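Visitor: I am attaching a structure below and will ask some questions about it afterwards.
Number of protein chains: 4
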Amino acid sequence: MADLEQALAEVAAEMAARGDRGEVASYIPQLGRVDAGKFGIAAATNDGRVLVAGDAGEAFSIQSISKVFTLTLALGEKGDALWKRVGREPSGNPFNSIVQLEHENGIPRNPFINAGAIVISDVLLAGHQPRETIGEILRFVQFLADDETITIDSAVAASERATGYRNFALANYMKSFGNLHHAPEMALGVYFHHCAIAMSCRQLALAGRFLANGGRQPSTGHSVISAERARRISALMLTCGHYDGSGDFAFRVGIPGKSGVGGGILAIVPGVASLAVWSPGLNANGNSKLGSIALEKLAKMMNWSVFAP
Amino acid sequence: MADLEQALAEVAAEMAARGDRGEVASYIPQLGRVDAGKFGIAAATNDGRVLVAGDAGEAFSIQSISKVFTLTLALGEKGDALWKRVGREPSGNPFNSIVQLEHENGIPRNPFINAGAIVISDVLLAGHQPRETIGEILRFVQFLADDETITIDSAVAASERATGYRNFALANYMKSFGNLHHAPEMALGVYFHHCAIAMSCRQLALAGRFLANGGRQPSTGHSVISAERARRISALMLTCGHYDGSGDFAFRVGIPGKSGVGGGILAIVPGVASLAVWSPGLNANGNSKLGSIALEKLAKMMNWSVFAP
Amino acid sequence: MADLEQALAEVAAEMAARGDRGEVASYIPQLGRVDAGKFGIAAATNDGRVLVAGDAGEAFSIQSISKVFTLTLALGEKGDALWKRVGREPSGNPFNSIVQLEHENGIPRNPFINAGAIVISDVLLAGHQPRETIGEILRFVQFLADDETITIDSAVAASERATGYRNFALANYMKSFGNLHHAPEMALGVYFHHCAIAMSCRQLALAGRFLANGGRQPSTGHSVISAERARRISALMLTCGHYDGSGDFAFRVGIPGKSGVGGGILAIVPGVASLAVWSPGLNANGNSKLGSIALEKLAKMMNWSVFAP
Amino acid sequence: MADLEQALAEVAAEMAARGDRGEVASYIPQLGRVDAGKFGIAAATNDGRVLVAGDAGEAFSIQSISKVFTLTLALGEKGDALWKRVGREPSGNPFNSIVQLEHENGIPRNPFINAGAIVISDVLLAGHQPRETIGEILRFVQFLADDETITIDSAVAASERATGYRNFALANYMKSFGNLHHAPEMALGVYFHHCAIAMSCRQLALAGRFLANGGRQPSTGHSVISAERARRISALMLTCGHYDGSGDFAFRVGIPGKSGVGGGILAIVPGVASLAVWSPGLNANGNSKLGSIALEKLAKMMNWSVFAP
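Sequences listed follow chains A, B, C and D, in order.
Counting along the first sequence from 1, when you hit position 30 you're at 82 in this note's numbering, and nothing is skipped either side.
Counting along the second sequence from 1, when you hit position 148 you're at 200 in this note's numbering, and nothing is skipped either side.
Counting along the third sequence from 1, when you hit position 168 you're at 220 in this note's numbering, and nothing is skipped either side.
Counting along the fourth sequence from 1, when you hit position 67 you're at 119 in this note's numbering, and nothing is skipped either side.
Rendered as structure tokens:
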């Protein structure tokens, strides 16, 4: 097995040099103007090291990666009752598909597709104003990363709201089935804001440590969630974390991961480390192109796979 | 962690006593008349032990579990070129759905849904008569289990052929897209026969050892497939092995598994053991009801999960 | 052939006596509290007679029947360019399905399903405020019926807006494909208001005369639209006027018709008469149950069918 | 209104001169080698005239037009009980779609899509050998056209059978739902043969007269079917006769018609004439491109439309 620090450096160097980097998301200007040449990678190990390479200190829009954190919060509040309102199955459809909702009575397939995450936002609203819920989510992420400088990019959130007709469609559609308890624009307000959290690879890797470490913060030993719940969230990341490319990611990389349209991926090596990678260009499934290639190479070099003996 | 032998016995005792056992598949008489009260479980560990409980010595129709073995063979013959003809994504649809094929030009989503396995049968036919291919599959399973007494139940195969209109539809449909290279009835001949392989839990657990052991037979050290391929097949089992209940199985049980409509499940604990369980009654997704509950309990008792630190 | 006045009376008497009257739409209270026992029918003949029976003078919510009038207006403004934004094919899906939009890039199948009518509302908004467009539609209907007392039930429009999540979903979804040129809530504002026009059978039959009379008002000879356009709107009514029950209506009744969820149907006997019927209870496809039976009986008695020699 | 004979000649001349003629079906060689430059048109009027222009005497494969005749026969044998096994609604899908069958339990949407016509063939098999049923259908068409020289092109039937995997898929799929009572290959044997009937425009126009004439042969006054049934079959032709282009044909041409992939269309002007047109090139929906344009022009010249006053 390779030395992790060296492996990160090697992967970062190789990725920086590659030509075909995928397409940067351009549906909002804030994402569209990000430099496609960026590449960062970070690892926060269970034994307390934080190793980085490339542009690992530069903040980017974590987008759907935030769904891991909102799911964690919602499970904490509702427990398994949550699963009445959202499923746990891969969707077999693109991230913003509405077809499945029509066939399955407004119950989204899993908490990581847009519709599912909007339900999670709705759950987190219970008894709160959107502003309070947004604050709670941000503070949770700051706590996980042990970094109070993490912020929400309100320009991104505003742009998402101004152009997010597809998400408005999903929310209204679920509301028509009774699967939102608040007004669609309230759930979407929370949703657009948590997707607009900006973090660097370093911060993101730190925030994911509890999933690699049986639910506990390695730095403090503090239990964030139970070990069983940490496993289960990891299982959902593996089966559903890359939209309609989840099977391929599990096949090639072999560890749980969650991607975002900003080009980030959070990945978990259970018992070993939390990883974050960022390359803004996306592949056909809307996942970071070089990000997933980098994780595949790193996992191979380090012999990391949840399926390895 | 519990003692494995004792854990198996406990689980078997608890399952034998349960009331609601699901519905036995009855689309062919040979499956329909199986005693719903049966329950067997077996574990073949990487350190060479074979532990059993309940009706673990009684042969049952392994049905779709056989798709793990045909996929292994087909990857050996075609390598990654295989993935041009079959995908690696969860289907988001029932095991025998034809809708996805219409939307995706006759390319099945993965090798474990019926359509995908029929393509695999077609691949294995290249240069062979169906009889030869069927013989090759059977010998491979016998070799893996180190047991030449394993046979194909030809009455089951004949019944499947006589009533398998849905599978004939799938095969003809893929043929219309050019994704079968032989006549549909030839590919189906192979498919119906490998699904009709009869094995006991003991035999099945033995046959799965190479997947738990990095591609090698633990008894002989003989390499069946590369370690990387063993991981990848395990990844496919986790994301696609239980049809439209795969996400739920990964969430609750946390290890790769492949179910069959005969009520069997083959499950893999990487580095530790290959497991086989059998209870004929099925849940709504067509997977063994008590079989998956038993594996969930066993995994919990033994602290087995690919997502555990 | 029967005498029309007598036939109307006979049909009205028979319908008034029937037991199973279908389910009254209850998604908004204003519709839900309508008396299921009501039945009205009216015919406005090309030779200038207006014949009525039952509750033909009582106003009801015309709902989707209004789509015939908005389509007529929109064709007048845009001509055949309209067909770039909405199709002319039966949908093969329920009236409020969103699946088809995902598969066909946000272009609704026809102007009579909800999504199609929302696009028509968007077309009519060009250069106008919603209030102006709503006024234009109302005046057009008043002009067609030669009756300035026709009004919009603003309580119905407000209820539709307050609960119309599915329509908000459709509008936002089409907006995400660029097939709405105004804000979704503006197009929906127009849509909800024209659906809330309240008319009696008598008024509705009068408003439909131009379609039975080659595009001209029989009373004045004034040309509303060309004869060709009148035929084409009638063709759309026949193929698409009853949602996923259009084929059945064409088969059983044999004349063009457009239904509304308020229980009304406008039907056209080309060259002979415009008909309106009202019975609030609906069948499984969301069309007036007794209304369509009444039209079937009347057409049989009068030997009316566009397919008759 | 124009003189019919002159109108036919004009239309034929114009069509013969046109450049873009669509794509000739090439899925079997017998269709693929037909000369795309052919164009024929014929009208058999209720007053006994038979008028032709262009290649109206040349036989072509009538293909799906034959479904009008098999539906007529099946309604004669089963009456309205037929509608339990096949619907009467436009499909909203291509002619050979299998998706709808999965969503609607193996009941095809209408008798004119492939799946529906295969069910009709199965109905006609009751108590017969395929050879007998095929003979019955052929004799019925010969009787309608008053021409015993009409034959089945057995090379076409054999090619269809050899390559018709999609139809085998449809038949097996419906069989899996119990909606075929005979073996799929038996129903398909009938289906492939009636689709292979070869007729000229002249013969086809003659065979359709009963539909234009209230169910009676104009030449003899012999009643083939009731006037009501003739109307209803015409209604189905209007709503479903051109697959997913039916709405457009009704909109543009305004009379009932049934197309075939051989490039023929049978159209009915109720009370006036039966029309047949043939041009082998197809449009995107699989209907004769120039055939439908020719009928649109002819209908306009003759002021024919079922929606005209």
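Cβ coordinates follow ideal geometry from the N, Cα and C atoms, glycine included.
It should be emphasised that the depicted structure is a prediction, and the values quoted were computed from it without experimental measurement.
Is the beta carbon of glycine 316 of chain A sitting closer than 7 Å to the one on serine 357 of chain A?
Guide: In the first sequence, the residue the question calls residue 316 of chain A occupies position 264. In the first sequence, the residue the question calls residue 357 of chain A occupies position 305. No, these two residues do not count as a Cβ contact at 7 Å.
Visitor: Output the residue ranges of the beta strand (DSSP E) runs that lie fully inside the region 82–131 of chain C and measure 3 residues or longer, sorted by chain position.
Guide: 92–97, 102–106
Visitor: In whole angstroms, what separates the C-alpha of isoleucine 170 of chain D from that of serine 118 of chain D?
Guide: One-based indexing of the fourth sequence puts residue 170 of chain D at position 118. One-based indexing of the fourth sequence puts residue 118 of chain D at position 66. The alpha-carbon atoms of isoleucine 170 of chain D and serine 118 of chain D are separated by roughly 12 Å.
Visitor: Which residue wins for smallest C-alpha separation from arginine 254 of chain C, given the options C/Arg137, C/Leu153, C/Val329?
Guide: On the third sequence, position 202 is the one that residue 254 of chain C refers to. If we check each option's Cα against that of arginine 254 of chain C, C/Val329 comes out closest.
Visitor: What do you reckon, are the CB atoms on alanine 221 of chain A and alanine 235 of chain C nearer than 7 Å?
Guide: For the purposes of this step, residue 221 of chain A is identified with residue 169 of the first sequence, where counting begins at 1. For the purposes of this step, residue 235 of chain C is identified with residue 183 of the third sequence, where counting begins at 1. Going by C-beta atoms, alanine 221 of chain A is not nearer than 7 Å to alanine 235 of chain C.
Visitor: When DSSP builds the beta bridges, which residues end up paired with lysine 310 of chain B?
Guide: Taking the first residue of the second sequence as position 1, residue 310 of chain B is located at position 258. Looking at the DSSP assignment, lysine 310 of chain B forms a beta bridge with B/Leu318.
Visitor: Below 7 Å on C-beta distance, what does alanine 221 of chain D contact in chain B?
Guide: Taking the first residue of the fourth sequence as position 1, residue 221 of chain D is located at position 169. Going along chain B in sequence order, the residues near alanine 221 of chain D (Cβ under 7 Å) are Ala221, Asn224, Tyr225, Ser228.
Visitor: Using only the alpha-carbon positions, how far apart do phenylalanine 121 of chain B and alanine 178 of chain B sit?
Guide: Position 69 of the second sequence, counting from 1, holds the residue named residue 121 of chain B. Position 126 of the second sequence, counting from 1, holds the residue named residue 178 of chain B. Cα-Cα distance, rounded: 17 Å.
Visitor: Which whole-angstrom value describes the C-beta separation of valine 151 of chain D and glutamate 154 of chain B, a residue pair presumed to lie in contact below a C-beta threshold of 8 Å?
Guide: Start at 1 with the first residue of the fourth sequence, and residue 151 of chain D comes out as number 99. Start at 1 with the first residue of the second sequence, and residue 154 of chain B comes out as number 102. Indeed, because the Cβ distance is near 5 Å, the residues count as touching under 8 Å.
Visitor: Does the Cβ-Cβ distance between alanine 59 of chain D and leucine 258 of chain D come in under 7 Å?
Guide: Within the fourth sequence, residue 59 of chain D is the residue found at index 7, counting from 1. Within the fourth sequence, residue 258 of chain D is the residue found at index 206, counting from 1. No, these two residues do not count as a Cβ contact at 7 Å.
Visitor: Runs of 4 residues minimum, wholly inside the region 201–241 of chain A: which ones carry the alpha helix (DSSP H) assignment?
Guide: 206–215, 217–228
Visitor: Just to confirm, is the Cβ distance from valine 76 of chain A to valine 86 of chain A under 7 Å?
Guide: Taking the first sequence and counting its residues from 1, the one referred to as residue 76 of chain A is at position 24. Taking the first sequence and counting its residues from 1, the one referred to as residue 86 of chain A is at position 34. Taking 7 Å as the Cβ cut-off, valine 76 of chain A and valine 86 of chain A qualify as a contacting pair.
Visitor: According to the neighbour-count rule (16 or more other Cβ atoms, all chains shown, within 10 Å of its Cβ), is proline 81 of chain C buried or exposed?
Guide: As a working note, residue 81 of chain C is residue 29 in the third sequence. So proline 81 of chain C ends up on the exposed side.
Visitor: With respect to the alpha helix (DSSP H) encompassing serine 275 of chain C, which residues constitute its N-terminal and C-terminal limits?
Guide: As a first step, residue 275 of chain C is located in the third sequence; it is residue number 223 there, counting from the start. Counting along the chain, serine 275 of chain C falls outside any alpha helix (DSSP H), and DSSP gives it neither H nor E.
Visitor: Express the C-alpha separation of tryptophan 135 of chain A and leucine 327 of chain A in angstroms, rounding to a whole number.
Guide: Looking up residue 327 of chain A in the first sequence gives position 275. Looking up residue 135 of chain A in the first sequence gives position 83. Those two C-alpha atoms are separated by around 28 Å.
Visitor: Could you pull the DSSP bridge partners for arginine 268 of chain D from this structure?
Guide: Position 216 of the fourth sequence, counted from the first residue, corresponds to residue 268 of chain D. Answer is D/Ser275, bridged to arginine 268 of chain D.
Visitor: Quick one: grab the DSSP three-state call for leucine 177 of chain D.
Guide: Here residue 177 of chain D corresponds to residue number 125 of the fourth sequence, with the count starting at 1. Correct three-state label for leucine 177 of chain D: coil.
Visitor: Have a look at aspartate 132 of chain B and alanine 69 of chain B and give me their C-alpha separation to the nearest angstrom.
Guide: Against the second sequence, residue 132 of chain B aligns to sequence position 80. Against the second sequence, residue 69 of chain B aligns to sequence position 17. The straight-line gap from Cα to Cα measures roughly 46 Å.
Visitor: Could you please give the first and the last residue of the uninterrupted alpha helix (DSSP H) stretch that includes valine 193 of chain D?
Guide: Stepping through the fourth sequence from its first residue, residue 193 of chain D is reached at position 141. Valine 193 of chain D -> alpha helix (DSSP H) spans 182–197.
Visitor: Indicate the three-state DSSP secondary structure (helix, strand or coil) for valine 76 of chain C in the structure shown.
Guide: Your numbering for residue 76 of chain C matches position 24 in the third sequence. Of the three classes helix, strand and coil, the one that applies to valine 76 of chain C here is strand, per DSSP.
Visitor: In the structure shown, what three-state DSSP assignment does isoleucine 150 of chain B receive?
Guide: To locate residue 150 of chain B, count along the second sequence from 1; it is residue 98. Here isoleucine 150 of chain B sits in coil by DSSP.
Visitor: Check whether chain B comes within 7 Å of serine 286 of chain A, counting only Cβ atoms and requiring the distance to be less than that.
Guide: Against the first sequence, residue 286 of chain A aligns to sequence position 234. At least one chain B Cβ lies under 7 Å of serine 286 of chain A.
Visitor: List the endpoints of the continuous beta strand (DSSP E) containing valine 329 of chain D.
Guide: In the fourth sequence, residue 329 of chain D corresponds to position 277, counting from 1. 325–330 is the extent of the beta strand (DSSP E) around valine 329 of chain D.
Visitor: Hey, does phenylalanine 262 of chain C have any beta-carbon neighbour from chain D nearer than 7 Å?
Guide: Taking the third sequence and counting its residues from 1, one reaches residue 262 of chain C at position 210. Chain D contact via Cβ: absent.
Visitor: Alpha carbon to alpha carbon, how far is proline 160 of chain A from lysine 227 of chain A? Give it in angstroms, no decimals.
Guide: Walking along the first sequence from the start, residue 227 of chain A turns up at place 175. Walking along the first sequence from the start, residue 160 of chain A turns up at place 108. Rounded to whole angstroms, lysine 227 of chain A to proline 160 of chain A spans 12 Å at the Cα level.
Visitor: What does DSSP give as the partner residue(s) for methionine 251 of chain A in the beta ladder?
Guide: In the first sequence, residue 251 of chain A corresponds to position 199, counting from 1. DSSP lists A/Phe112 as partners of methionine 251 of chain A.
Visitor: Do you know how far the Cα of valine 193 of chain D is from the Cα of glycine 92 of chain D?
Guide: Residue 92 of chain D sits at position 40 when you count from the first residue of the fourth sequence. Residue 193 of chain D sits at position 141 when you count from the first residue of the fourth sequence. Those two C-alpha atoms are separated by around 20 Å.
Visitor: Around the C-beta of asparagine 355 of chain B, are 16 or more other C-beta atoms found within 10 angstroms, so that it is buried, or is it exposed?
Guide: Residue mapping note: residue 355 of chain B aligns to position 303 of the second sequence, counting from 1. It counts as exposed.
Visitor: Measuring only the C-alpha atoms, how far is glycine 309 of chain D from glycine 343 of chain D?
Guide: Mapped onto the fourth sequence, residue 309 of chain D falls at position 257. Mapped onto the fourth sequence, residue 343 of chain D falls at position 291. Near 11 Å, if we compare the C-alpha coordinates of glycine 343 of chain D and glycine 309 of chain D.
Visitor: Let me see if you follow: with CB-CB separation under 7 Å, is proline 270 of chain B close to chain A or not?
Guide: In the second sequence, the residue the question calls residue 270 of chain B occupies position 218. Not an interface residue.
Visitor: Beta carbon of cysteine 247 of chain D, beta carbon of proline 142 of chain D: below 7 Å?
Guide: In the fourth sequence, the residue the question calls residue 247 of chain D occupies position 195. In the fourth sequence, the residue the question calls residue 142 of chain D occupies position 90. The answer is no: Cβ separation not under 7 Å.
Visitor: Along chain B, in chain order, which residues have C-beta atoms closer than 7 Å to that of valine 63 of chain D?
Guide: Position 11 of the fourth sequence, counting from 1, holds the residue named residue 63 of chain D. Within chain B, no residue comes near valine 63 of chain D; the closest Cβ sits about 36 Å away, beyond 7 Å.
Visitor: Please name the residue, chosen from D/Leu176, D/Gln115, D/Arg283, that lies closest to tyrosine 79 of chain D on a Cα-to-Cα basis.
Guide: Counting from one through the fourth sequence, the residue named residue 79 of chain D turns up at place 27. The option with the nearest alpha carbon to tyrosine 79 of chain D is D/Gln115.
Visitor: Please report whether the beta-carbon of asparagine 265 of chain C lies at a distance below 7 Å from any beta-carbon of chain D.
Guide: Taking the third sequence and counting its residues from 1, one reaches residue 265 of chain C at position 213. Yes, asparagine 265 of chain C counts as interfacial toward chain D.
Visitor: Under 7 Å Cβ-Cβ, which residues of chain B neighbour alanine 302 of chain A?
Guide: One-based indexing of the first sequence puts residue 302 of chain A at position 250. The answer, in chain order, is Ala287, Leu290, Thr291.
Visitor: Taking the alpha helix (DSSP H) that leucine 342 of chain D belongs to, which residues open and close that run?
Guide: Locating residue 342 of chain D in the fourth sequence gives position 290, counting from the first residue. Where leucine 342 of chain D is concerned, the enclosing alpha helix (DSSP H) stretches over 341–354.
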